[in-house]
Amino acid sequence: MNWTTRPEAAADIPAIRAINRAAFPTPAEAGLVDALRADPEAWLPGLSLLATDDTGTAVAHALLTRCHIDDTPALALGPCAVVPERQRTGAGTAAVRAAVDAARAQGERFVVVLGHPAYYPRFGFTRASAHGIRLPLDAPDEAVMALSLTPADTPPPGTVRYAAPFGV
316 MNWTTRPEAA ADIPAIRAIN RAAFPTPAEA GLVDALRADP EAWLPGLSLL ATDDTGTAVA
376 HALLTRCHID DTPALALGPC AVVPERQRTG AGTAAVRAAV DAARAQGERF VVVLGHPAYY
436 PRFGFTRASA HGIRLPLDAP DEAVMALSLT PADTPPPGTV RYAAPFGV
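When you line the sequence shown up against this note's numbering, it's residues 316 to 483, in that order.
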């Protein structure tokens, strides 16, 4: 299937909430997306991306928000969600690729993700600990990954400081 990707619009907020509620066992991630959207220090216009099917229905969502690696501005990827009936169809991959491409086009330099270690390397993510990057929480080393959006840059060492809605 060919997925169409686009930045979220105000009218998409209920669909994004529904995608996240369907994809996760609790409504926590849907609430996190809403809280990040309301945080002017975290939210970056154009970095909340949807993948839509051939009818225009939004089925996947990927979000990048401001974080820091020590004092260096970076982006946190997540939540990323796909409605269950469209998982493993490429919709999530399309949304994440669109989000990473949009961040690169906006001049962003680094992205960090806490996620499935078999999924995110397809986008170029590598183990964050290899760069000296740590999280302010306990997480499996292989699940913490970083990506440089420009070939000339290497992610800096340091501790990730997430936006306040993450609660860490």
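Glycine included, C-beta positions come from ideal geometry on N, C-alpha and C.
Where Gly-473 falls: helix, strand or coil (DSSP): strand
4-residue-minimum alpha helix (DSSP H) runs that sit fully inside the segment 393 to 440, ordered along the chain: 406 to 420
Cys-382 vs Arg-476 beta-carbon contact at 9 Å: Cβ atoms of Cys-382 and Arg-476: closer than 9 Å.
7 Å Cβ shell around Pro-342 - same chain, five flanking residues per side excluded: Arg-336
Cα-Cα separation between Leu-429 and Thr-474, rounded to whole angstroms: 13 Å
contact_flag[the segment 353 to 371, the segment 318 to 330] where n(CB pairs < 8 Å) is 3 or more: yes
Backbone CA spacing between Tyr-435 and Gly-405 [nearest angstrom]: 13 Å
For Arg-332, the residue or residues it bridges with in DSSP: BP columns for Arg-332 are empty, so no partner.
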